[in-house]
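Trainee: Numbering (this note's numbering), first residue to last: 94 to 229. From the three backbone atoms N, C-alpha and C, an ideal C-beta is built for every residue, glycine too.
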Ligand code: CO
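1. Please return the same chain residues whose Cβ sits closer than 7 Å to the Cβ of residue 186, not counting the five positions on each side in sequence.
2. Can you tell me whether residue 166 sits near ligand 1, meaning its C-beta is under 8 Å from at least one heavy atom of the ligand?
3. To which residues does DSSP link residue 191 through a beta bridge?
4. Am I right that residue 222 and residue 174 are in contact with their C-beta atoms under 8 Å? What's the rounded C-beta distance?
5. Taking the alpha-carbon positions, what's the residue 157 to residue 198 distance?
6. When you compare the CB positions of residue 195 and residue 207, do they come within less than 9 Å of one another, or not?
7. Apart from the five residues just before and just after residue 213, which ones in its own chain have a Cβ nearer than 8 Å to its Cβ?
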């Protein structure tokens, strides 16, 4: 069901400063940048092989990532697995007794469809499943 690791999400205080590291020093190509008001983030996606690094800067302190930064500081925020059919994946996970944060898929960056699994059901790791947009 989980086809690959699609990306790791990293919470940062300052997206441009993080890009200076991930794009300029580590040499990962920046392929997408998007503000997702719905999720309270300014996001940048960099390519690494078949997968990505997703850098997340909160738009405000009272957002999910803003609260994460206040509590834990910058660092690894979530791991995202790629699936071909997110409805099917959600139903399989529910059936397996996995605790979901999102009962239904919502729109992620680059037109993807995403849903989050509660860390309590994933060894303490906030886990995302993502179905990339059709044209990817
Ligand atoms: Co993500």
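Mentor: Let me lay it out:
1. 193 and 210
2. no
3. DSSP output for residue 191 lists no bridge partner at all.
4. 5 Å
5. 17 Å
6. yes
7. Answer for residue 213: 192, listed in chain order.
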